[in-house]
Each structure stands twice: as C-alpha cells, then as structure tokens.
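Student: Residue numbers (the numbering used here), protein chains in the order written: chain G, 671 to 987; chain P, 887 to 1555. Every residue gets a Cβ at the ideal spot worked out from N, C-alpha and C, and that includes glycine.
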Amino acid sequence: MNFYALFAQLLELAIALILAPILTGWVNQCRAWLQNRSAPPLLQTYYTLSKLFHKDVLLAHNASTLFRAAPYIIFSCMALASSIVPTLSTDLIFSPAADAIALVGLFALARVFIALAGMDVGTAFGSLGARREMFIGFLAEPALLMVFFTASLISQSTSLSTIVETLAHNEIAIYPSLAFAGVAFSMVSLAENARVPIDNPTTHLELTMVHEAMILEYSGRHLALIEWAACLKLFAYSCIGIALFFPFGIPEASDPASLLIAAAILVFKLAIGGFVLALIETLSAKMRIFRAPEFLGTAFLLAVLAMLVHLLLEAGR
Amino acid sequence: MRQLLLLDWVLITALGWLAIGLVGVSFPRRLTLISRVLFPLGAIFGLVLALLALSGMVAGTQVRILPLGLPDLPFHVRLDALSGFFLFLLGATAAGISIYTAGYFRKGEGTAPGLQCLLYHIFLTSMAFVMLADDGYAFMVAWETMALSSFFLVTSEHRHAEIRRAGYLYLLVAHIGAVGILLSFGVMAGSAGDYTFDAMRDFSILGFWPTIAFLLALFGFGAKAGLLPLHIWLPEAHPAAPSPVSAMMSGVMLKTAIYGMLRVSFDLLHAQLWWWGILLLLIGLATALFGVIFSAIQTDMKRLLAYSSIENIGLIFVGFGLTLVFKSFLLPHLAALALTATLYHCLNHAFFKSLLFLCTGSVLHATGERNLGKLGGLIHRMPWVTWLALVGVLASAGLPPLNGFVSEWLLLQSFLFTSGLPQGYLNMLLPVVAAAIALIAALAGFAMVKFFGVVFLGQPREEKLSQAHDAGRLERIGLLWLAAGCILLGLFPNVVIALLDPVTRLLVGSGLRDAASSHGWWLLAPISEDRASYSPAIFFGSIALFTPLAYWAVRRYYHGRLKRVPAWDCGFPLQTSRMQDTAEGFGQPIRRIFSPFFKRTREHPSPFDTQPRYRSVVEDPLWYWLYLPIARIVDYGTRLIAFLQQGRIAIYLLYSFVTLLALLVVTRG
Chain G
671 MNFYALFAQL LELAIALILA PILTGWVNQC RAWLQNRSAP PLLQTYYTLS KLFHKDVLLA
731 HNASTLFRAA PYIIFSCMAL ASSIVPTLST DLIFSPAADA IALVGLFALA RVFIALAGMD
791 VGTAFGSLGA RREMFIGFLA EPALLMVFFT ASLISQSTSL STIVETLAHN EIAIYPSLAF
851 AGVAFSMVSL AENARVPIDN PTTHLELTMV HEAMILEYSG RHLALIEWAA CLKLFAYSCI
911 GIALFFPFGI PEASDPASLL IAAAILVFKL AIGGFVLALI ETLSAKMRIF RAPEFLGTAF
971 LLAVLAMLVH LLLEAGR
Chain P
887 MRQLLLLDWV LITALGWLAI GLVGVSFPRR LTLISRVLFP LGAIFGLVLA LLALSGMVAG
947 TQVRILPLGL PDLPFHVRLD ALSGFFLFLL GATAAGISIY TAGYFRKGEG TAPGLQCLLY
1007 HIFLTSMAFV MLADDGYAFM VAWETMALSS FFLVTSEHRH AEIRRAGYLY LLVAHIGAVG
1067 ILLSFGVMAG SAGDYTFDAM RDFSILGFWP TIAFLLALFG FGAKAGLLPL HIWLPEAHPA
1127 APSPVSAMMS GVMLKTAIYG MLRVSFDLLH AQLWWWGILL LLIGLATALF GVIFSAIQTD
1187 MKRLLAYSSI ENIGLIFVGF GLTLVFKSFL LPHLAALALT ATLYHCLNHA FFKSLLFLCT
1247 GSVLHATGER NLGKLGGLIH RMPWVTWLAL VGVLASAGLP PLNGFVSEWL LLQSFLFTSG
1307 LPQGYLNMLL PVVAAAIALI AALAGFAMVK FFGVVFLGQP REEKLSQAHD AGRLERIGLL
1367 WLAAGCILLG LFPNVVIALL DPVTRLLVGS GLRDAASSHG WWLLAPISED RASYSPAIFF
1427 GSIALFTPLA YWAVRRYYHG RLKRVPAWDC GFPLQTSRMQ DTAEGFGQPI RRIFSPFFKR
1487 TREHPSPFDT QPRYRSVVED PLWYWLYLPI ARIVDYGTRL IAFLQQGRIA IYLLYSFVTL
1547 LALLVVTRG
C-alpha cells in the first residue's frame, strides 16, 4: 500500500462529498437560466441539506428498521461508488476493489435498498415508485453494462483504472464504437439519475413521480442523506462519463501537484457536463412511463451496436 | 482387515442417513423423537459428509465395488473431485435444511412424521449415491430411488387434488427423463461393451454416436434440471411440496442433473464438439430468460421461487455451454474460468434458494398463506425470518458483496473472452449473450424486490397476519446456517476457487488456483489484476464502515430526534392496506413489456355490472403449444391400442398363440 494512493483516494472521496451538491446546484442554476427563471444560488443544495439535517425526523408508524437504515446504506454505497471511479488519479486504493461490473452491482444494491425502503411504509405511492424504479433499473442496467463491455473490449480489461489509462495515455486513436457507447451512456445516465425525459426531479405530481414517490415518506436527516446520495450518484455518473469518453487530463505521474491540476480540470469538465445536462433537460419533455422501454431499448441497442462496431472494425488493430 | 478409505466413510455417512430414516419409521408417531433427535442427527451427518467430501476433493480418485445389487451386477462406486464437490454441496445444504426441518414438523399435517423422516432420508441417501455411482446400473437405481422418494415427499399432503396432480406431473417428467438417461448410457455401454463408467471412459465411441449420447443425456438431465421446454413440472411440484422438501429439491436435486450432465459430457465422452456448447448455451439462455420473466409475474411465493430456480438453472447451463465451447477450441484456461463460474453458481444457488424456500416455509406456518396478495408487513412480526430472507434475496438478485454476485461476475468475465475465439461469427455473437445475461440479472433483481417487498414490507394485507409468529429456535439455526453460507461464499471467493481447482483440473485440464491466490485472500483476480479484479472484502468493509460512520456523524453534529406520525402519502387522507401494490400490480410492467411470452386471458367488467369483477390469468403458453398437443396424440394412440383389449379370454389366448407362432418363425429364420 503506498501513501500516494491513499492520499489520492481520500482527496477523491472528499472532493466527491463536497462537490456533488454543488454540481446539482449548478445544474439547477443552468436550467433556471435556460428557462428564463431567476436562478437559486449555487450553494442552494447545501442550504437545503443543512435545513433537513436540523429538522426532526417524522417517521410513519408502520416504518421498520429497514426504512431507517436504508438512507445510511444508500449514502455509503454512493460514497463508495464515487470513490471507485478514477477521476483524479488511476492509482487509487479502491480501484482494485471493484471493476466496472462490480460498480454496476453497487448501483443496483443501492437501488434495491431504496426500492425496498419505498415499499416499507406501505403507502400507495411508495410501492408505485418502487415498482417504477425497478422497472427502469432492469431496462437501464444491461445498457450500462454493454457500454462498459465496449470500453473493456477496447482496453482488454474491466478494471476502470486500466480502461482510463488505456484510453487517456497509451495511444491516440479515435474509436467510432465509443461514439455509440457515449450516446447510450448519456441516455442511461438520464434514466438512472431520475432526470427528464424519464423522471422529473422537481415534480410531486402523482402520475409522473418515480424517484420522488419512493422517498415521499422520508424527512429530516434521512431525507438529507438520500438527497445527498442522489447528488453523489449524479456526480459518480458524470465522472464515469468523463472517465470513459473524455479521460484526457488524468495525471500519469504520481505526484501531489498533478492532483491539483487534475482537480481543476475535473471541475471544468463537470461544469460543462452539468450545463449539457441542463440543456438536455430543457429541450426535452417528460415521457409517459411506458415510453421508457423504447428510450432505454434504444440505449441498449446503441450499446450493443457499439460493441459490434468495435468487434467488426477495431478488433483487428 | 482392509484400511478404510475416505470413500468408505462417505458411504457409511450416506447409509447413516438411511439408518436414521429406518429408526424414524419404526416409531412413526413419536414426534419428539423424530424432530428433536433424528433430524438434528441427520444434520450432523450432513456436516460430516460435507467435511469428508472436502477432503475427498483433493485426495484423488478412490473406487470400491459394493456387494449390493444383483448377483452378477455389483454396484461400483467412485469418489473423485467432481463427485466430491457435489457431495459437499449436498452435505452442507442438507445440514441447514435438516436442522430447520427438525423445528418445522407439526402435529397432524399430511403423512405421518415417521414416514416422512424415512422418505426424506432415503432421498438424501439416494442423492449421495447418484453422485457416487460409477456404473450405469447403480446410477439408474439411485436416480430412480431419488425420483420416487421425492415424489412421495411432494405428495405428502395427498388429500388435495392439485397436489396429487402436481405429483403426477413430476413423476411423469422424471420418468420420461430417466428413459433418456438410460438410452444415453445404453449408447455408451453398447459401444464399450460394459455398463461401468470405467469401460465407457476407456472406450472412445465414433461417428455420430457421441452426439446421440450427448443429446439423449441432455434430454434426460434437462428434464430433471427443468430446462426449457421440460421445465413444466417445476412450478407445480415446488409449491405442492412441504417447504424443506422444496428447498432440498430446488437446492440440491436440480444439481444432480448438472452433475450427471458434467459427468457425461466431460468424463464419459472423450471429445466435445463446439456446437454442443452453443446448443447448451442457447437452451440455457432461453430457460433463464423464460424463468425470470415468469418469476416476476407470479403471485404465489413458492411458484415465484420455483421459476427463479428455472432461471438459475438456465444461467448454470449458459456457463456449462461456454465451458464446452472453450474446451472444444482447446482453450483450457478459459474453460476453467467458465466452469468455475458454473460450479460456483451451483453452490450459490443451493444456499440462497434453500434459504428462501425455508423462509417461505416459516411464513406459511406463521400465516397459512402462500399468496403474495394476502401477505405483507411481516417484518414487524417475524424479524428473524425477514432479515435472513433479505440475505437470500440480495444474494439471489446477484448483488455485491453476497455470493450470487461472484458467480455472475465470473460468468460475465468469461464472456468477455469470447471475442478471441477462432470461429468466425461466434466471437461476434457470444459477447452479445452477455447482454442478455445482464438483462436476466437485472430482472432477477426486480423479481426479488417484489418477493421481499410484498411479503415482508408494507402493511399487513389481511387481519390474521397480526397473529403471525417468528420462526422457532431450530428453524432459526437452519436459516442462519444457510444465510452465513451466502455471506461467506460471497466474501471469500478465493477460498472457493481454490476448492474448485481440482474439479476443473479433472474436467477441463486447467485450474484457477494460482491466478486466484496470487493476490492475497482479499482480492479476486482470476486472470490478472490489470484485467479484472473484485474485492468483496473491501466492498463489504467500506459499506460496513461508511454506514455507521454516517450514522455517528449525523448524531454527533446534529441530533437524533424522531417523532412517530401517520404516513404522509402526499397528503391523501384515506390510506388502507389495500392501496399498496399487490403482486399483480408489481408485475404489471413485466406483463406489459413481455406480453408475447404469456398466454393471458382477461375478463373485464362492463360499465353496467352491478358487481364488477376483473380477472386476469397468465399461463405458460408452452402448455398449449406443446404439452396439450402431445397429450392429445398420446391419448389418441392409446385409444387405438385399446382396440386390442376386447375383454374375452378366447381373444387373449389367440394373441398368445399368434405371438408364439411369430416367435417360432423368427427364431427358425
């Protein structure tokens, strides 16, 4: 175990925890601008989190221990996920702990817990949300895995660090397959992060809720943790997108100074990514829930196409 | 006196089960004796068998000829790495199930406890003998004993007509399958000239005969494993049987079919053709997809689990097929990877599916309900069962850091190597199969959330559920044992892979032990660390660290105040337990997306009905496309043959006379 890896790991975790709410705030701000509304401050998510942490928890009579434990488990899953994705350095302590497939498993674990928590109180909305979330999950997960498979066929590895190293440093090559995979990945990320056109994070309208319906019974610190976990999830997905499709700028050398430069580049990339997300959300309309299979089916087919393109055109190189 | 071999101890343990059963049947109504002494003793025997089998896996091959059977046909038995592994699976699972069963028996349910004790232990012994048999004769005797004893266990509540029907269906498919296996052995023994496995091993049969033997074995073992389209008995027999028996059948008996298939394909037949592997892979994939889709729409909790077993068997056969493909292209290391994934999944499935079936047994005892739509909220009444079921559910959904994930991870890893296969198009199409596996795994997650959420979470859907009681002490021990197995198999994959090493060396000539253990116990990297790695220990460790840390930090910097209030539910004033999703409601997206898979009949009420009724029945279309036509043909055929039966003695004498004449003519010629 080397100290550089430990330092990079801790830095990455700290940056994820701090930056994730700001990223969400930035997306909301951009969206407000694009929609000609006056924007909330950049740190609005922090104010909300702080307010929620200070409030008492109002717990439904029927809520069980699972309901109370779930926010903590989901939060730690997301914290682990965002520290696994190599953003600042490819030399991390956690990077051998989980490869791309295990990362998908980690997201699935968090999803199962939040769905179970949604069903726990036994309200109509909770189980509706849980059902829809698992429904979107089983459509999105294979597409996400296919995107990872394409990247791992290119780099001959499913380890995220190796993928990033191969794509960022080893050779300058343009992979047409990654273009398809990139589109597929963006579509999956929109669905997984409860964004328009699959879900609307700002609605509490019964017909359209997915994520919000599940967490309807949460309040106080529990809700704060879940919101924070949702920010971390968005952050982790953005970082995966950056790592797979725009990995340039991750330092090869192991020195602390390069970490700072990498952090600055990361913030820049995230700012652009957040703006693009806000743009997509502004330009598209929310779909009916049963249009989701078509949307995610397209993502899945694009990802499979990406893999076939790689095997047909690029495998010989 | 001859030295007692390890094999002899295994035999003694297996026969010990039989002895327990015989003691049980001698005191058929002594419930205390049977449940407090005999079944725990059987569990101990299971543990002993598991330990013996573990040492048998590394001890090398041992053979014996038993003085049983017919005068000229003694039983040959043999203990090698493959049978050792499956005996370990049997023993370890049986230990948990037996101790659970000790607490499960109640007065006045179905067949007398003594008789059930006998049948149960005959079932165990016969499964052990299936795995030990070294000739076609002993194998078939053990196989049939296994089928019969489990048939009687399935029909132990034979007063219900539907249970008799399920048992009949099971017996029918089991016997049609047994004919396939017998013919497969016949093909191999006919060429080798002897019915022992040794003779079959030494003699390599030529031409298309190996393919015929393989296909017959696939038919026979596929019927027992529940491969499409022979799965039909599984969702009927599993709900009919008492829960420990369902657990045993799903967890262990289905694996005897995998064992037999492995034995025939890799041990008895010499060369493997690549398209056998593709065939297995495609059948397995279809089975898995079919199983998981049907499991997601079930409304009976044991049927849901039975379909989930079909799914897992499908996944096991996908891994099996991939192993055959790699082996036939002379890639032993990749074959070892795929085979490790296959065997690992067998072991995992044995643990988590037995655990879940036993949990349904506890729920059934506590509530008397199998219908998901009448359960709910049991987490408050049955905390032990709920939390242990959660372990099984997470393992079954293939989530890290539990065991189900490890084998799926290994399977997906081996699919990533298929792009290097020398055969054109295969290397293109097989990675796409991995996409289907991902879909199956995600759908399994859906089905498991439905199972757990509807049964254990939410509000109780019926009044009587508030009377439900938790599992008893012995039941808890059994559940704990299996849940601990799920967790340990998930956390220490390198230990399991090292254990599987002799098996893969025996079957495909390569193993993963060196690659797996070179990175320390905590890191699983079957090929190399750069290629792929997964560390369940770090995974579990960090979640187990972050969760209490977050808890502590929130309490430390803020507060822990909490008020109990009525549920919010977006402010709707009226909330009843009927407003939660039922099992049908939860499965609705699946019914909608995969509607071509189902045969569905619906009755909609008209707007003028005073008592509107909505009915929707979803059935297996294979019944109508395949089984009922076959049944009609058989029926028609029997009616034709029935013409012979005239009921007059003179005509029967005439038949005998004509037959005699015909035989005389034939033998003269």
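Enumerate in chain order the residues of its own chain whose CB-to-CB distance from residue 781 of chain G is below 8 Å, with the five nearest sequence positions on each side excluded.
Tutor: Only 803, 804, 807 meet the Cβ criterion.
Student: Check whether the Cβ of residue 747 of chain G lies closer than 8 Å to any Cβ atom in chain P.
Tutor: By this cut-off, residue 747 of chain G is an interface position.
Student: Counting only the same chain and skipping the five closest in sequence on each side, list residues whose C-beta sits under 8 Å from that of residue 913 of chain P.
Tutor: Counting only Cβ-Cβ distances below 8 Å, and skipping sequence neighbours, we find 919, 920, 1000.
Student: Please state whether the Cβ-Cβ distance between residue 1199 of chain P and residue 1126 of chain P is less than 8 Å.
Tutor: Taking 8 Å as the Cβ cut-off, residue 1199 of chain P and residue 1126 of chain P do not qualify as a contacting pair.
Student: Straight-line CA distance for residue 1080 of chain P to residue 955 of chain P?
Tutor: Between residue 1080 of chain P and residue 955 of chain P, the C-alpha separation is close to 16 Å.
Student: Which of the residues in the region 732-765 of chain G, read from start to end, lie with their CB under 7 Å from any CB of chain P?
Tutor: Of all residues in the region 732-765 of chain G, 732, 734, 736, 742, 743, 745, 746, 747, 749, 750, 764 have a Cβ within less than 7 Å of some Cβ in chain P.
Student: Go to residue 1502 of chain P, then tell me how far its beta strand (DSSP E) extends in each direction, as first and last residue.
Tutor: Element bounds for residue 1502 of chain P: 1501-1505.
Student: Judging by CA-CA distance, which residue of G:913, G:701, G:833, G:869 is the nearest neighbour of residue 712 of chain G?
Tutor: With distances taken between Cα atoms, residue 712 of chain G lies closest to G:701.
Student: What are the start and end residues of the beta strand (DSSP E) that includes residue 962 of chain P?
Tutor: From DSSP, the beta strand (DSSP E) with residue 962 of chain P extends over 959-965.
Student: Counting only C-beta atoms, is residue 869 of chain G closer than 8 Å to chain P at any point?
Tutor: Cβ-Cβ to chain P under 8 Å: no for residue 869 of chain G.
Student: Which runs of the alpha helix (DSSP H), 4 residues or longer, sit entirely within the region 767-813 of chain G?
Tutor: The qualifying runs are 770-790.
Student: Compare the C-beta of residue 974 of chain G against all C-beta atoms of chain P and say whether one is closer than 8 Å.
Tutor: Closer than 8 Å: yes.
Student: Short of 7 Å in beta carbon distance, which residues of its chain neighbour residue 874 of chain G, apart from the five on each side in sequence? Order them along the chain.
Tutor: The residues are 882.
Student: Taking 8 Å as the CB-CB limit, is residue 872 of chain G close to chain P?
Tutor: Chain P contact via Cβ: absent.
Student: Can you tell which of P:1173, P:1386, P:1392, P:1469 has the C-alpha that lies nearest to the C-alpha of residue 1213 of chain P?
Tutor: Checked all of P:1173, P:1386, P:1392, P:1469; the closest Cα to residue 1213 of chain P is P:1392.
Student: To the nearest angstrom, how far is it from the Cα of residue 1549 of chain P to the Cα of residue 1077 of chain P?
Tutor: Spanning the two alpha carbons is a distance of roughly 28 Å.
Student: Spatial neighbours of residue 1073 of chain P within its chain, please: C-beta separation below 7 Å, excluding the five flanking residues on both sides.
Tutor: Around residue 1073 of chain P: 1095, 1098, 1099, 1102.
Student: What residues in the region 813-828 of chain G bring their beta carbon closer than 8 Å to a beta carbon of chain P?
Tutor: Cβ contacts with chain P: 815, 816, 819, 822, 823, 826, 827, 828.
Student: By a C-beta neighbour count over all protein chains shown, 10 Å radius and 16 as the cutoff for buried, is residue 1320 of chain P buried or exposed?
Tutor: Per the 10 Å Cβ criterion, buried.
Student: Leaving out five residues on either side along the sequence, give the residues of the same chain with a beta carbon under 7 Å from the beta carbon of residue 1298 of chain P.
Tutor: Excluding positions up to five away in sequence, the list reads 1320, 1323.
Student: Compute the distance between the beta-carbons of residue 1138 of chain P and residue 1296 of chain P, then report whether it is under 8 Å.
Tutor: It is not a contact, given that the beta carbons lie outside the stated cut-off.
Student: Starting from residue 955 of chain P, trace the beta strand (DSSP E) both ways and give me its first and last residue.
Tutor: Its beta strand (DSSP E) spans residues 948-956.
Student: Would you decide whether residue 1485 of chain P is buried or exposed? Buried here means 16 or more other CB atoms lie within 10 Å of its CB.
Tutor: Answer is exposed; the Cβ neighbour count stays below 16.
Student: At 7 Å on the CB atoms, spell out the chain P contacts of residue 688 of chain G, in chain order.
Tutor: Ordered by position in chain P, no residue passes the 7 Å Cβ test against residue 688 of chain G, which lies about 15 Å from the chain.
Student: Please classify residue 1511 of chain P as buried or exposed, where buried requires at least 16 other C-beta atoms within 10 Å of its C-beta.
Tutor: Result: exposed.
Student: Less than 8 Å between CB atoms is the rule here; does residue 1086 of chain P satisfy it with respect to chain G?
Tutor: Not closer than 8 Å to any Cβ of chain G, the Cβ of residue 1086 of chain P fails to qualify, so no.
Student: Are the CB atoms of residue 813 of chain G and residue 858 of chain G within a distance shorter than 8 Å?
Tutor: Their beta carbons are under 8 Å apart, which means residue 858 of chain G touches residue 813 of chain G by this criterion.
Student: Is the distance from the Cβ of residue 1223 of chain P to the Cβ of residue 1412 of chain P below 8 Å?
Tutor: The answer is yes: Cβ separation under 8 Å.
Student: Can you list, in chain order, the residues of its chain whose CB lies under 8 Å from that of residue 887 of chain P, leaving out five sequence neighbours each side?
Tutor: Because residue 887 of chain P carries a pLDDT of 45, less than 50, the predicted location of this residue cannot be relied on, and no value is offered for it.
Student: For chain G, check one thing: does any of its Cβ atoms lie closer than 8 Å to the Cβ of residue 1472 of chain P?
Tutor: Judged by the 8 Å Cβ criterion, residue 1472 of chain P is in contact with chain G.
Student: So, for residue 693 of chain G: in the same chain, excluding its five sequence neighbours on each side, which residues have a beta-carbon less than 8 Å away from its beta-carbon?
Tutor: Result list for residue 693 of chain G: 901, 904, 905, 908, 940, 944, in chain order.
Student: Does chain P have any CB closer than 8 Å to the CB of residue 691 of chain G?
Tutor: Not closer than 8 Å to any Cβ of chain P, the Cβ of residue 691 of chain G fails to qualify, so no.
Student: Does DSSP put residue 1460 of chain P in a helix, a strand or coil?
Tutor: Residue 1460 of chain P: coil per DSSP, three-state reduction.
Student: Between residue 1030 of chain P and residue 1075 of chain P, how many whole angstroms is the CB-CB distance? I'm expecting something under 8 Å.
Tutor: That pair is no contact at about 17 Å.
Student: Residue 1449 of chain P and residue 790 of chain G look like a contact to me (Cβ under 8 Å); what is the Cβ gap, rounded to whole Å?
Tutor: In fact, because the Cβ distance is near 17 Å, the residues do not count as touching under 8 Å.
Student: Determine whether the Cβ of residue 804 of chain G lies closer than 8 Å to any Cβ atom of chain P.
Tutor: Taking Cβ atoms only, chain P reaches closer than 8 Å to residue 804 of chain G, which makes this a yes.
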